[in-house]
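Student: In the numbering used here, the protein residues as written are 393 to 666.
For reference, the structure I am asking about is given below.
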Amino acid sequence: MEITLYDQRNGFRRGLSNTLAYPLALFGSFWMRPLKLDDSERHENGLVVILSGIEGPGVLSRSLVQGLIDAQVSHAIRIVNWTAAVRPAVINLWRYEKNRQKAAEIAQGLMDYQQRFPGRPITLIGHSGGAAMIPFVLEELPERNVVQNAIMIAPALSPIYDLTSALVKVKEKIHHFYSWRDLYFLGFGTLTMGTLDRRFCLSAGRGGFLVPAEDQDAAAVYSEKLNEVPYRQSMMRDWHYGGHLSCMNRVFIERNVAPIILGKHQNHESVTPH
393 MEITLYDQRN GFRRGLSNTL AYPLALFGSF WMRPLKLDDS ERHENGLVVI LSGIEGPGVL
453 SRSLVQGLID AQVSHAIRIV NWTAAVRPAV INLWRYEKNR QKAAEIAQGL MDYQQRFPGR
513 PITLIGHSGG AAMIPFVLEE LPERNVVQNA IMIAPALSPI YDLTSALVKV KEKIHHFYSW
573 RDLYFLGFGT LTMGTLDRRF CLSAGRGGFL VPAEDQDAAA VYSEKLNEVP YRQSMMRDWH
633 YGGHLSCMNR VFIERNVAPI ILGKHQNHES VTPH
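Structure representation (structure tokens):
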């Protein structure tokens, strides 16, 4: 995507303001004005469902929405709160059965939308714990091709989690953004507190998923349906420094995530068996 001088200046302002707002993620969304992007007019164009991290909807999920708006995504945008109002928020990683139940509810919501607006594209986007919820949701769908694309950003999910059942449900791909620089949250954090699938390990959001090489059919599904996007130094131009929060900067979302919804993206890296 060609970036003009105006885009650079405007991107600097937006990227910096987003970066300075990261500490506000601790305060939730009660102080924010409600979004009005989930209306019937936008429903005609498609639906984007956003699953926040374990902190619940707040500054980070709002930043994601802002990036989509900056990219002129015309779909309805819906932030779904899958978390419980518990403190510390890490408890949301430990509620495995409740999270599975919530995934089934979200999947039913996608089916309801499809029945009302058949043929419209649905995109799932999640960050951290919300990204880890995406395979749970896809697995609950009774039909294939309900979701066009799913986008997992820094998922708190173990790298050995078998994505096969989730991958076959998407019409196009699951796109996975991960970063080796995510040392604290997806390194130390999930080593000590665990992942959403209850493993105590470095998360896939830090190093990618392990492809089941011994199962050729599953490996073929991974090759066809999983697009893994590793962190690159060039992403610093988009205000993503490799950490767990900067991957949600609105400039990074506009230039790297929104093009997937708009059909303007390129596959960055094909997966190979480990």
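Even glycine gets a Cβ: it sits at the ideal position worked out from N, Cα and C.
No experiment lies behind these values; they were computed from the predicted model shown.
Which same chain residues, not among the five before or five after L397, have their C-beta less than 6 angstroms away from its C-beta?
Tutor: Model confidence at L397 stands at a pLDDT of 46, short of 50, so the residue's coordinates are unreliable; what they give is reported in the following sentence. Counting only Cβ-Cβ distances below 6 angstroms, and skipping sequence neighbours, we find nothing.
Student: Using alpha carbons as the reference points, say which of L439, R536, H519, N473 lies closest to S595.
Tutor: H519
Student: So who's on the other strand from F569, going by DSSP bridges?
Tutor: Answer is I545, V621.
Student: Please return the same chain residues whose Cβ sits closer than 8 angstroms to the Cβ of N641, not counting the five positions on each side in sequence.
Tutor: G407, N410, T411, S455, G459, D630, W631, H632
Student: Quick check: V539 and L516, are their CB atoms within less than 7 angstroms of each other?
Tutor: yes
Student: So the beta strand (DSSP E) H519 belongs to, where does it begin and stop?
Tutor: 514-519
Student: Quick check: I442 and S453, are their CB atoms within less than 7 angstroms of each other?
Tutor: yes
Student: Helix, strand or coil for V560? Go by DSSP, reduced to three states.
Tutor: coil
Student: Measuring only the C-alpha atoms, how far is D609 from F404?
Tutor: 45 angstroms
Student: Residues in the same chain with beta-carbon distance under 8 angstroms from E436, minus the five sequence neighbours each way, listed in chain order, please.
Tutor: F509, R512.
Student: Would you check if the stretch 642-651 and the stretch 549-560 touch, i.e. whether three or more CB-CB distances between them fall below 8 angstroms?
Tutor: no
Student: Please go through the stretch 393-480 and give each complete beta strand (DSSP E) segment of 3 or more residues, from N-terminal end onward.
Tutor: 439-443, 468-472
Student: In terms of residues, what are the limits of the alpha helix (DSSP H) holding L533?
Tutor: For L533, there is no enclosing alpha helix (DSSP H), as DSSP gives it neither H nor E.
Student: In this structure, what does DSSP give as the bridge partners for V643?
Tutor: V643 pairs with nothing; no bridge assigned.
Student: Are there 16 or more other CB atoms within 10 angstroms of the CB of A389, so buried, or fewer, so exposed?
Tutor: This structure does not reach residue 389, given that the chain is present from 393 up to 666, and the question cannot be answered.
Student: Looking at A496 and E531, is the spacing between their C-beta atoms short of 7 angstroms?
Tutor: In this structure, the beta-carbon distance from E531 to A496 does not fall below 7 angstroms.
Student: Can you tell me whether T582 is buried or exposed, with buried defined as 16 or more other CB within 10 angstroms of its CB?
Tutor: buried
Student: What number of angstroms, rounded off, separates the C-alpha of P415 from the C-alpha of I514?
Tutor: Note on geometry: alpha-carbon atoms of P415 and I514 lie some 31 angstroms from one another.
Student: Between L485 and L602, what straight-line distance do the alpha-carbon atoms span, to the nearest angstrom?
Tutor: 21 angstroms
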